[in-house]
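So the sequence shown is numbered by my numbering: it starts at -19 and just counts up by one.
Cβ atoms here follow ideal geometry from the backbone N, Cα and C, with glycine treated the same way.
Report on one structure; see the data block that follows.
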Amino acid sequence: MEIDVLGIESSCDETAASVYSSTSGVLSNVLFSSAKMQSEFGGVVPELASRSHLEKINLVVQTALNEAKTSLNEIDVIAVTTKPGLPGSLLIGLCFAKTIAWALNKKLIGVNHLEGHAFSSFLENNIPFPHLCLTASGGHTNMYLMHDFGKYEIIGQTIDDAAGEAFDKIAKFINLTYPGGPVIEKLASEVNFEDFFKYPRPMQNLNIESPLNFSFSGLKTAVLYDLVKQNAFDIENKKFLRPNDLELQKKVASSLLVCIRDIFIQKIKLALKKYPHIKSVSFVGGVACNKYLKNQLKEFCENKNIQFFSPSPQYCTDNAAMIAFVGCYKAMQGKFDNLELDIF
Ligand code: KG4
Ligand code: ZN
């Protein structure tokens, strides 16, 4: 029996809706981002994000239904992100989903945003279990051992900053625009991804308690102190002193990207050693938009005869297709929620 799911995502600054069919896959994937509006503040302002969701959610959902050539009447299940995220933003999506479910007597399913990311590669591929997934975004850096749909465990996570946060914060140090990841990739490619400054690779000591965990806060500090040493940063006034030195910006960007590549590869290597039955690896989340990282991780895995997957960019960054997909397998497993569903 075919199940049609309407997915709704509003955990951060993207208002997104998607229709996913259990038999035909993604029928539509629509998104409005308030990131541009927020970029002048150097990051997401929760109040602005919530207001933007409220303004756009009707249009985004209606467009997703139109593009899928369907209507609410034909939808079987409403899947909505309930955590983690900005409370004010999550509540807009959840209230919207609950209202539809109540008014039209539809099934309702709450989805964890990170479970959505972890299964985002499955939108485009048949992936064998057991599977290792590295999720890297602006808010999270996690490694999951995935046994089956809805059955997974966290085997590593950041103990401080997320990988995307490292790109964003270091970009800010050297006067680059937010979000930092894309501009850092561009600048690094212009100097052929060379490692100029050899920043320290943290958490490499295998004797530490949780060697699969990540830490990016020390890397941020190391870059900062290296800039101070080069007389390029005034730490007291928090000011980059060489705003017109494109060469320096490129060298920092490239050294940082190579360092993060090494950290990711080292953690995957360790996980594959600890769990030798792993059949496939995926790299997901906003940071997986990075083609250099994607290619390097792919090469590493394929050299070890492990299948590697990474979603197209539209499914790496926040989207509702991944939420609808998780909603779909939960529906098949009979895991429904009631109208008491909350964001915690
Ligand atoms: O998944 P996402 O869109 O939102 C969150 O849930 O955080 O991820 C955003 C993060 C930002 O930190 C951004 O700098 C990073 O993904 N990012 C990249 C690239 N594109 C986006 N990082 C590295 N290279 C990229 N090309
Ligand atoms: Zn996300």
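Can you have a look at Leu84 and say buried or exposed, based on whether 16 or more other CB atoms are within 10 angstroms of its CB?
The residue you call residue 84 lines up with position 104 of the sequence shown. With fewer than 16 Cβ atoms within 10 Å of its Cβ, Leu84 is classed as exposed.
Would you mind sorting Lys16 into buried or exposed? The rule is 16 or more other CB atoms within 10 Å of its CB.
Working through the sequence shown from its first residue, we reach residue 16 at position 36. Lys16 is exposed by the Cβ-count criterion.
Contacts around Gly307, its chain only, beta-carbon distance under 7 Å, and the 5 residues preceding and following it disregarded:
Start at 1 with the first residue of the sequence shown, and residue 307 comes out as number 327. So the list reads Val(-15), Gly(-13), Val57, Ala59, Ile89, Val91, once near-sequence residues are dropped.
Buried or exposed by the 16-neighbour rule on C-beta atoms within 10 Å, applied to Ser(-10)
Stepping through the sequence shown from its first residue, residue -10 is reached at position 10. The residue is buried, with at least 16 neighbouring Cβ atoms inside 10 Å.
My guess is that Glu165 and Tyr272 are in contact by the Cβ rule of under 8 Å, so how many angstroms apart are they, rounded?
Start at 1 with the first residue of the sequence shown, and residue 165 comes out as number 185. Start at 1 with the first residue of the sequence shown, and residue 272 comes out as number 292. Contact holds; Cβ gap of about 6 Å.
Three-pair Cβ contact test at 8 Å for the region 197 to 210 versus the region 254 to 261:
no
Hey, is Pro256 close to ligand 1, as in C-beta under 7 Å from one of its heavy atoms?
Within the sequence shown, residue 256 is the residue found at index 276, counting from 1. No, Cβ of Pro256 sits at least 7 Å from all heavy atoms of ligand 1.
By the three-class DSSP mapping on this structure, what secondary structure does Thr201 have?
The residue you call residue 201 lines up with position 221 of the sequence shown. Three-state DSSP puts Thr201 in a helix.
Using the rule of at least 16 other Cβ atoms within 10 Å of the residue's Cβ for burial, across every protein chain shown, is His127 buried or exposed?
Translated into positions along the sequence shown, residue 127 becomes position 147. By the 10 Å Cβ count, His127 comes out exposed.
Please classify Ser4 as buried or exposed, where buried requires at least 16 other C-beta atoms within 10 Å of its C-beta.
The residue you call residue 4 lines up with position 24 of the sequence shown. Burial check for Ser4: the Cβ neighbour count within 10 Å stays below 16, so the residue is exposed.
For the region 116 to 127 against the region 221 to 229, do three or more pairs of beta-carbon atoms, one drawn from each stretch, fall closer than 8 Å, so that the two count as touching?
no
Pair every Cβ in the region 298 to 316 with every Cβ in the region 277 to 285, then say whether three or more of these pairs are closer than 8 Å.
no
So, are the CB atoms of Asn155 and Phe213 less than 8 Å apart?
The residue given as residue 155 occupies position 175 in the sequence shown. The residue given as residue 213 occupies position 233 in the sequence shown. No, the Cβ-Cβ distance between Asn155 and Phe213 is not below 8 Å.
Between which two residues does the alpha helix (DSSP H) holding Cys113 run?
To locate residue 113, count along the sequence shown from 1; it is residue 133. Not the alpha helix (DSSP H): Cys113 falls in the beta strand (DSSP E), residues 111 to 116.
Span separating the alpha-carbon of Ile240 from that of Asn53
What you label residue 240 is simply residue 260 of the sequence shown in a count that begins at 1. What you label residue 53 is simply residue 73 of the sequence shown in a count that begins at 1. Each residue's alpha carbon lies about 47 Å from the other.
Looking at Asp141 and Ser197, is the spacing between their C-beta atoms short of 8 Å?
Walking along the sequence shown from the start, residue 197 turns up at place 217. Walking along the sequence shown from the start, residue 141 turns up at place 161. Their beta carbons are under 8 Å apart, which means Ser197 touches Asp141 by this criterion.
Could you tell me if His111 is buried or exposed, where buried requires 16 or more neighbouring beta carbons within 10 angstroms of its beta carbon?
The residue given as residue 111 occupies position 131 in the sequence shown. Classification for His111: buried.
Can you determine whether any heavy atom of ligand 2 sits closer than 7 Å to the C-beta of Ser51, and answer yes or no?
For this step, residue 51 is matched to residue 71 along the sequence shown. No, the beta carbon of Ser51 sits no closer than 7 Å to any heavy atom of ligand 2.
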